[in-house]
Each structure stands twice: as C-alpha cells, then as structure tokens.
Amino acid sequence: MEWFNDFWSTYSTLVFSVGVHALLALSIWLTLSCGLLSLANAAFMGIGAYVSALLTLQLGWSFPAVLLAGGLAPALVALIIGAPVLRLSGVYLAMATLAFGEVVRITVLNLEITGGPEGLNGIPLLTEGWHIALILALTLYGLARLRRSKVGRAFEAIKEDEVAARLMGIDVDRYKLLAFVLGAVIAGVAGALNAHFTFFISPREYGFENAVDIITMAVLGGTANLIGPVLGASIITLLPELLRSLHDFRSFVNGAVLVLVVLFLPKGIWDPRRFRGWLQRVKGGRA
Amino acid sequence: MRFACKTLVLVNALACAGLVQAADIKIGIAEALTGGAAQYGVAISNGFQLAAEEINAKGGINGNKITLVIEDEQGKKEESINVFKKLIFQDKVLMIFGPTLSNSMFAAGPVANAAKTVVFGTSVTANGITDVGPYVFRNSVMESDVLPVTVATATKHYQLKKVAVIYGNDDAFTKSGYDVFKKVLEEQKLPVTTTETYVKGDVDFKAQLTKIKGSNPDAVVCSCLAEEAANIMLQARGLGIKAPFIGGNGFNSPKLFEISKLAGEGTFVGSPWSNTNPAPANQAFVAAYQKKYKAEPNQFAAQAYDALNVAAAALKDIKLSGDIVADREALKNALPKATISGATGPFKFRPAKTRSGQPGGWDADQKPFIYLVKGGKFTLYSSK
Amino acid sequence: MLEQQLLNALTLGSVYALFALGFTLVFGVLAVINLSHGAVFMVGSYAALALVTHFDAPLWLAILGAMLISGTIGLLVDVLILKPLRARNAPHLIPMIATIGVGIMLTSAAQGMFGAEVLRFPEETLPAGEFIVGNVHVRALELAIVAIAFILMAVLFTLIKRTQLGRALRAIAESPKAAWLLGINVEGLFHVTSFVAAALGGVAGVLIGLDFNAITPQMGQPILHKGIAVIILGGMGDIRGALIGGLFLGFAEVISKAYLSSQMGDAVAFGLLFLILLVRPSGLFGRKLERKA
Chain W
1 MEWFNDFWST YSTLVFSVGV HALLALSIWL TLSCGLLSLA NAAFMGIGAY
51 VSALLTLQLG WSFPAVLLAG GLAPALVALI IGAPVLRLSG VYLAMATLAF
101 GEVVRITVLN LEITGGPEGL NGIPLLTEGW HIALILALTL YGLARLRRSK
151 VGRAFEAIKE DEVAARLMGI DVDRYKLLAF VLGAVIAGVA GALNAHFTFF
201 ISPREYGFEN AVDIITMAVL GGTANLIGPV LGASIITLLP ELLRSLHDFR
251 SFVNGAVLVL VVLFLPKGIW DPRRFRGWLQ RVKGGRA
Chain E
1 MRFACKTLVL VNALACAGLV QAADIKIGIA EALTGGAAQY GVAISNGFQL
51 AAEEINAKGG INGNKITLVI EDEQGKKEES INVFKKLIFQ DKVLMIFGPT
101 LSNSMFAAGP VANAAKTVVF GTSVTANGIT DVGPYVFRNS VMESDVLPVT
151 VATATKHYQL KKVAVIYGND DAFTKSGYDV FKKVLEEQKL PVTTTETYVK
201 GDVDFKAQLT KIKGSNPDAV VCSCLAEEAA NIMLQARGLG IKAPFIGGNG
251 FNSPKLFEIS KLAGEGTFVG SPWSNTNPAP ANQAFVAAYQ KKYKAEPNQF
301 AAQAYDALNV AAAALKDIKL SGDIVADREA LKNALPKATI SGATGPFKFR
351 PAKTRSGQPG GWDADQKPFI YLVKGGKFTL YSSK
Chain U
1 MLEQQLLNAL TLGSVYALFA LGFTLVFGVL AVINLSHGAV FMVGSYAALA
51 LVTHFDAPLW LAILGAMLIS GTIGLLVDVL ILKPLRARNA PHLIPMIATI
101 GVGIMLTSAA QGMFGAEVLR FPEETLPAGE FIVGNVHVRA LELAIVAIAF
151 ILMAVLFTLI KRTQLGRALR AIAESPKAAW LLGINVEGLF HVTSFVAAAL
201 GGVAGVLIGL DFNAITPQMG QPILHKGIAV IILGGMGDIR GALIGGLFLG
251 FAEVISKAYL SSQMGDAVAF GLLFLILLVR PSGLFGRKLE RKA
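Taken in sequence, the protein lines are chains W, E and U. Going by UniProt numbering, the first residue of the first sequence is number 1, and it counts up by one from there. Going by UniProt numbering, the first residue of the second sequence is number 1, and it counts up by one from there. Going by UniProt numbering, the first residue of the third sequence is number 1, and it counts up by one from there.
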C-alpha cells in the first residue's frame, strides 16, 4: 500500500483533473450530439467556479449546496442567452459562443467581488476523490440513458438533418436549448469541483484557450459514444505529465500528437467502427 | 530554457565528482519555462543555476553539494500543483523555489504548506501570498514597501501637482501594483487626471496615451511590466507627451532602456535591484551572469540568485539528519534568521502580517533603492 | 485630441485588417478557420528578425524572406495536413483542431530557437521619421502600415474580381466540386491560397513587429482573437470585409477607450461581435455563406 500512498500524494491532483476534464468533455459532447458547435463551456465552467467559490468563501454554504448552485447558475445564463444564440449554426454559433465567453471573462476581470485579475484565493479544499468519481459516474449514467431515450433520438435526428427533424415534428428549438442548458450544468459543476481542489481561481483559466482545449478533448477522444470524451480528456490531461521528461520539446510533441491523431484517426481515438473493422480483419485472417 | 537539462547534468556531475561521503541537498525549482510567463521563469531558473554552481564550486554547504531539480510549471495553476507534488512526494526535495506567478503560488503554496515543506517565491509580489502559512517565504519585495518612497521622491523632485495613471488590468502583478499606487496617491494627496488600462498582449497604447496627453499631467504613473512599459514610453514620446514616468517593480529591467532608449529619461523607479548598483556582491553577480549566459541579468535572475544564497545561509546553520521530514522542519525554523548581503543588497525576513491574524509566512525586509533614469541608465538618486 | 484618436484608430484598424486578410482568404477559399494563422504571423516576425540580425539583410529583403518562409509553412500545412483532411471530407471542426496543433508546434519551436524573451529589431533597421501636423503626431511606419494594408487589399481584390485566377478562386468558394467539374485545378489553387495567405500573415507579422517592436513566441495569440472578431464582423471569407471589419474594430476599440473607459476596449470588441452575430448572423457586411461539404 505504501507505493499507492506515494503515488496518490503525488498524483491525486492529476487524477482529479482527469475527472473534471472528463466532465467538461462530456458537457461539450452533449451539445455536439445535438449538432451544436458551442464553445461556451469554458465560460460556463468559470461561472460555476466563481459562483461556488464565492458561496463557500462569503456565505459558508455546505459543499453539496455549493455544487448545486455551481451547476444551476450557468444553466440560468444558458437559458437566457440560449434562445437568441441557438438560432445561429455551424461556425457562426462557435464564434458567437466564443465571443460570449470573452465577454464573461472580461466581466469577471472587472468586477470587484470576483477579485478581478487577482482572482479568488484561499478556497478551502473540499473536493474529494469520490465526489468527482460519483458525479462523473452519475453523468455517464445519465447521458447513456439520455442517448437511448426519446430525447437522445431527437438530438440524433437534429444532428443528422435539422430541416428533416423539424418536418418530422420535432421541436428543434426546445431540444437544442435543452442540450445547451444541460451542457452548461455539467460544465458548471466541473468548474465548482475544480475550484475546490486548486485553492485558487482567476479569470485567465476560463478564456479562449480553455474553450478550445475542451473541444479538443472531445474530438480527440472521439464523439461516437461516451467513452471517447473521457478518453480524450484523460489523454490531454496526462500527456503533458507523461512527456515531462522531454523538457523543452514537450509542448512541441503535444502539438504534434494533436495533429497526428486528427490526421490518422479520423473519428477520434475511440472509434467503435474501426475497432469492429480490426476485429473482422483478425477473424478474416484466421478463417 | 535550452540550457536547463545540460546545466542540471553539469551540476550533478560536479556533485558526483565531489567528496564521496557528502550528501546531496536536493532543492526543487518550479518555474514557468514554457508559455507566456517563460520570459521570467527562464531568467529565474538561470539565477538559481548560477548560484548553485558558485556554491558547489566553493565546496557546497558544509561539504554537501546542492542539486537542483528543475521542473516546468508552465505558469498554470494545476501544473504548479502537480509539479509541487512531484517535487515534494516523489523527488523528496528539501525545499521548493517558485513558482513564477502569484496566481500559481496561490494554488501550489497551500500544497507545500500542508506538506510542511518550505516554499520560497522569488517573483510573487501579490498581497496575501504569505497568508498561506508559515512555510511560505518570499524575497520578492512588495510594492507597498517600494511605491510610497518612489512617489514621494518623484513628487518632491519634479514638484508634481497632478499625475495620470496607466496599468495592465488583467494581470495580477500590474493590477496589485496599481492598487498600491492608488492608495499611495490618495495618501500623498496627489490628484489623478485620468486612469487608463490595457490588457496583456496589447502592443498599441496610443488611444490611452492620447487621452492621457489631453489631461495634461505632470507625470505618468505606470504599473506595467518592462516590455509593455518600454512600448508605452516610446509611444508616449511619439505622441508628444513630455511628462516623466514613475514606475513600479516591473520597470526594473535593463531591457527597459535598451528598448526605449532616451524615451525613459527622467523616470523614477524604486526597486530592490539594479544592474548599476555598485555594491561588490551585485557587480560580481552581474559579471558572472554575463559570463555564463552571454546576456544581461534582470531583477528576476538577481532575486533568484539571492534567494538560493539566503537558503544556503540558513542551511549552513543546520545539521541535516537525512530524515526529510525533520530536515524540512529544521530548514523552516532556520530560514527566518538567515541574512545575506547579496545582489539586491542587505536582506532579511520579517513575519508577514496576515489578514486572518493566523501565523503566516515570511516577507522580505529590504530597503528599496530609488533610481532616476539618466542617459538611458539607472542612477542612484540622492536628493541634494 | 479627436484627430489624433482618429489616426490611432486608423492605424490599429489597418493592423487588424492586415492580419485578417490572409485569415479570411483561407476561410473563403478553403472553408477552414486556420487557428495557426497567429503563429504564422509570429513566424514572419522572427524570420525577418533573424534575417536582419544574423545575415545583415536589408529590411526589404527581410520582408521578402519572411513572406517566403511563412508562405512555405502555410503551403506545408496545406499539403501535409489540410489536403488529407479534405480528401476524406472531414467535418469543419477537424481541420480547425489540426491547426491548433500546428500553432502549438510553431510557438514552441520559436521558443526553442529564439528563447522566451521579448526580442526586437535593432534600432538602425527601423524606418525613422515622424512629423507633426497641427496637433497630430504621425510616424512614417504607421503610414506605411496603413498604406500597405490598403494596397494589399486592393491588389487582392482586383486579383479576385478581375483575373482568371480570381474567377477560379471564387468558383471554388462557391463549390469546390462544381469548380472541379469545370476543370479548375482545385487542389493547386488550395495550395496557392494557403501560400499567399500565410505569406500575407508573415508580412503582417513583420510590419507589426517593426511598429510595436515586441517579438515574442506568444505574440500571435491576442491578434488571433481580434482576427476572429474581424472576419466575423466583415463577413467570413470576404476580402473587402477584412478591411472594413478591421477598420470597424479599430475604430470601435479606440473610440470606446477614448470616450468611455479603457477597460471597455476588449469588452467592446467581443460584445459587439456577440450582438452583431445575433442580429446579423453572417456578419455586418457578409452575405450568407452556406456550403455543404
């Protein structure tokens, strides 16, 4: 057990980060599964992180209540901006949500209560491993159920062809809004969890780069099912640590891996169809 | 950071070539060696390596050589926590220097403090850093110690009636510098004509400066990093602003005048370090740095260099037992008493005043120098 | 002060426009949001700097060299990465993510070669000269940037509207498949476009590097964000739009800094962008550009 203690004390934060990033990747997977390319998730994460940290620091709420608020606050924002923003599609939606993210970041930067650029420090360590594990498990279970439900099928239909879905009588706008808001909830909870194990948050962590990081995790892992985003989040989080011995070349290799995966693994790393292809080839070879 | 690995090997090799019975003192360095903060992190890491080499060349500390374990924290908070944990629990270093940015210290400092390991920041100036706990030290001089003297000196010298202010509002360092300036200007009853801001990465400051010019101040107070400050000065002169500048800690880099040339003439800067400070310890540092890195040192390198020497002074007074927990505790108890006269002048610690009243860490107790820029150089100011 | 602020806005807007030209060209023809354009811009700056300091090249040669180097990078990115992605009909998002990877690689390569510190052109290479008209201070370099932005825009515009090449490019922008059926060498033109766009990005890098004289591996990132705002304001893929959008953003930022508060600068840029997208989904000056791959 000793090696485990050593391992855990060195790498617990890293494992926590994997969990939080997996939640973020799932949050964007959800919107992508409805055909929405929304890049607002970093901002939603930030809203969740700030609301929860302020509730802990200023009002001393209990942790479960704080997490709940961390999920609901961005959901509320998503509900308000959802109706006008979701009329856009494709790259335009991506850009509008990016711009929204920047507006959120700049607002946080210029508010008094958020500590401006100096951020909030002294946030107590409340997140424990099992919190993240439980929330991740619940999210995975919920999303898996959702995929197979009527809602999931409606998402699928909208993703494949919005016009056809509308003609089939699917209330496209409502389902889009649902995906957008649920994504915000997951991202917000992830932000709240993150704020309570890193002691400190600042506006810089929820900007453009982070929005791009989140989408990268999902796409890298593959968006065919729920395993992809989790896998992508794990790789993006662990890769820099695994490459630590490369020192100066680390970020170069990091970038190269991104390019190579995109080039040679078209559907992301976790691609069931490709796996089946391999399996068949193996079988075929034997026969 | 091209030289990091090579130098690490070199320091190791030196240590190995030393006496057989001598133990290594493992010290962790967690600085931003890549990413936006790398321009500071690299200089800081250079300062540490220079100091370690010098100490080892003189036979180490009580016969023990110093080994630096240098890690890149990328200027990111999670990365800083990961690096700190790796250094503390895996490499089992005696203490950690770093991280580069105040933000990272707010995240990683609590980790070191909880693990009862000394963390020593050389470039973290934000308020509240040493609130984290008794294992947190820094030799970065806080703006609140420097700026009142700077502003008072400049006011007297130029007979200032009103000033304009410009600062970076999305950066913890420049923003907290501004907060101090604001307080100092209020205390010293110096009216502010206009307060302008910019954000990191901005290169065009003309809109703000044009506005400042219109408000016709006697001087421009600037809480900026050296790179931005140089461009601000050049663009101000380009727009025909003749008022002198008053700068904070961030101004203190020879780079500033390399770039801005005579645009910075008449600037007042208060700082713990300057390359022209004639103290022998400083001149020796500047010469050694130039020789080793073929570049000019800056304040970040100087403070890192001094920090390792402060730690070395403390280590001289303790007997290392080989039990890492006991040794870390011994270092924490010995460090507050350490004093040196280094590149930044005489140095000692003072207990931090914390907001909560709990026992906090240790801040630098140093007298700032006030410099007036003449002929593109920092010259020590004397009011005669 | 108003005259000076208007001039400030004009130069800032030209800087944005200059950067956005190549960015929008790639989007218009290849339908790719090339997020490595900021890094290519940075490469241009470093290339010119290296030519000036290591090979004592005169400035005009350094600019040409920078164009060539950054253009080649653009070409390589297209041949090695974007082409295979096109071949397998990858969705929009995929090339964008690949270009993020390219950006990271270029940035870290630049840091490895030149270090993390801010580098500058030696003073003697900077075109000197400034003059004062009434109350307005003008630097020769600023005028050069404004002029070059307008000239490049005009050249590019004429090229696209008046020449055979331009017609081919416009056909591709409408539909690559149809263009191919018409016998246009689509792949070849994609390569040319990538080269030209990256070369334009490189020039922008040199000029802005000269004007503000602060070259760092990260210098492309902030302007990339602004570039995104510009091409959306101007309508994506529209050459005139890049100029109009750039100037518009420059004026909006400067005026808000001058007459509201300088804290508002960035908030204005992105707030405007957000609002404009809600009101006019295809940008202020853009036409609806819908293309099914």
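For every residue, glycine included, the Cβ atom is placed at its ideal position computed from N, Cα and C.
I want to verify the contact list: residues of chain E whose CB lies under 9 Å from the CB of residue i, in sequence order.
i	result
V118/U	Q39, A226, E227, A230, K255, I259
With which residues is residue i paired in a DSSP beta bridge?
i	result
T197/E	Y167/E
N121/W	F200/W
H137/U	I132/U
C222/E	I166/E, G247/E
V269/E	G247/E, Y371/E
I66/E	I25/E
G121/E	R138/E
S341/E	P346/E
A334/E	In the DSSP output, where bridge partners are listed per residue, A334/E has none listed.
M95/E	I27/E, V118/E
F378/E	V373/E
Going by CA-CA distance only, name the one from the options that's closest to residue i.
i	options	result
P272/E	I61/E, N127/E, Q366/E, V136/E	Q366/E
V185/W	L263/W, D173/W, A224/W, V77/W	V77/W
N8/U	E253/U, S261/U, A178/U, G183/U	E253/U
G250/E	D363/E, F173/E, G342/E, K85/E	F173/E
F120/E	K319/E, E31/E, K86/E	E31/E
G205/U	L21/U, M42/U, L25/U, V196/U	M42/U
K65/E	G47/E, F84/E, D72/E, I25/E	I25/E
R237/E	L225/E, N252/E, T267/E, K156/E	T267/E
L50/E	Y289/E, A338/E, V136/E	Y289/E
V29/U	H54/U, L189/U, G201/U, L224/U	L189/U
L136/W	Q280/W, S251/W, L23/W, V18/W	L23/W
S140/E	V199/E, K332/E, L308/E	L308/E
D131/E	I370/E, G357/E, K213/E	G357/E
I223/U	L2/U, V15/U, L156/U, I255/U	V15/U
T155/E	I44/E, A326/E, A243/E	A243/E
T216/W	F200/W, G188/W, A179/W, G255/W	G255/W
F274/U	V136/U, I232/U, L25/U, I208/U	I232/U
L238/W	N62/E, Y305/E, E79/E, I29/E	E79/E
L372/E	K189/E, V269/E, A364/E, K292/E	V269/E
G129/W	L68/W, G221/W, V18/W, S33/W	V18/W
F63/W	A49/W, P74/W, A75/W	A49/W
For a contact meaning CB atoms closer than 8 Å, what does residue i contact in chain E?
i	result
G116/W	N169, K175
F4/W	Result: empty, since nearest Cβ-Cβ is about 12 Å, beyond 8 Å.
M1/U	T210, K211, K213, G214
A204/U	Under the 8 Å cutoff, chain E gives no residues; its nearest Cβ is about 13 Å from A204/U.
A258/U	A207, T210, K211
Strictly below 9 Å CB to CB, what residues from chain W border residue i?
i	result
residue 400/E	In the structure as shown, chain E starts at 1 and stops at 384, and residue 400/E therefore has no counterpart that could be examined.
G101/U	T216, N254, G255, A256, V257, L258, V259, L260, V261, V262
P122/U	Those within 9 Å of P122/U in chain W number zero; the least Cβ separation is about 27 Å.
I94/U	V219, V262, P266
Closer than 7 Å by beta-carbon distance: list the chain E residues that pair up with residue i, in chain order.
i	result
H37/U	Going along chain E, no residue has its Cβ under 7 Å from H37/U, so there is no contact; the nearest lies around 16 Å.
S9/W	K85, F89
V254/U	A207
Can you name the residues of chain U whose CB is closer than 8 Å to the CB of residue i?
i	result
V42/E	G115, A116, E117
D204/E	N8, T11, L12, V15, F212
Could you tell me which chain U residues have their CB closer than 7 Å to the CB of residue i, listed as they occur along the chain?
i	result
P203/W	Correct list: empty, because the minimum Cβ distance to chain U is about 12 Å.
Quiz prompt | Residues from the segment 144 to 166 of chain U in contact with chain W, defined by Cβ distance under 7 Å | solution = Cβ proximity to chain W below 7 Å picks out nothing from the segment 144 to 166 of chain U.
Quiz item: Which parts of the segment 68 to 113 of chain W are runs of the alpha helix (DSSP H), unbroken and 4 residues or longer, counting only runs that do not cross its ends?
Solution: You should have 90 to 110.
Quiz prompt | chain E contacts made by the segment 211 to 228 of chain U, where a contact means CB separation under 9 Å | solution = Within the segment 211 to 228 of chain U, D211, F212, N213, A214, T216, P217, Q218, M219, Q221, P222, I223, H225 place their CB atoms closer than 9 Å to a CB of chain E, listed in sequence order.
Quiz item: Given a limit of 7 Å on CB to CB distance, which residues of the segment 41 to 66 of chain U reach chain W?
Solution: From the segment 41 to 66 of chain U, no residue has a Cβ closer than 7 Å to chain W.
Self-check item: alpha helix (DSSP H) runs contained entirely in the segment 17 to 41 of chain U, provided each spans 4 or more residues
Solution: Entirely contained in the segment 17 to 41 of chain U, not one alpha helix (DSSP H) run reaches 4 residues.
Quiz item: Got a sec: which bits of the segment 119 to 136 of chain W sit with their beta carbon under 8 Å from any beta carbon on chain E, in order along the chain?
Solution: When CB distances to chain E are screened at a threshold of 8 Å, the residues of the segment 119 to 136 of chain W falling below it are G119, N121, G122, L125, in chain order.
Exercise. Could you please tell me which residues of the segment 175 to 191 of chain U, in chain order, have their CB closer than 7 Å to any CB of chain E?
Key: Those residues of the segment 175 to 191 of chain U that come within reach of chain E (Cβ to Cβ, closer than 7 Å) do not exist; the list is empty.
Self-check item: Positions along the segment 261 to 275 of chain U whose CB lies within less than 7 Å of some CB in chain W
Solution: Result list: Q263, D266, A267, F270, G271, L273, F274.
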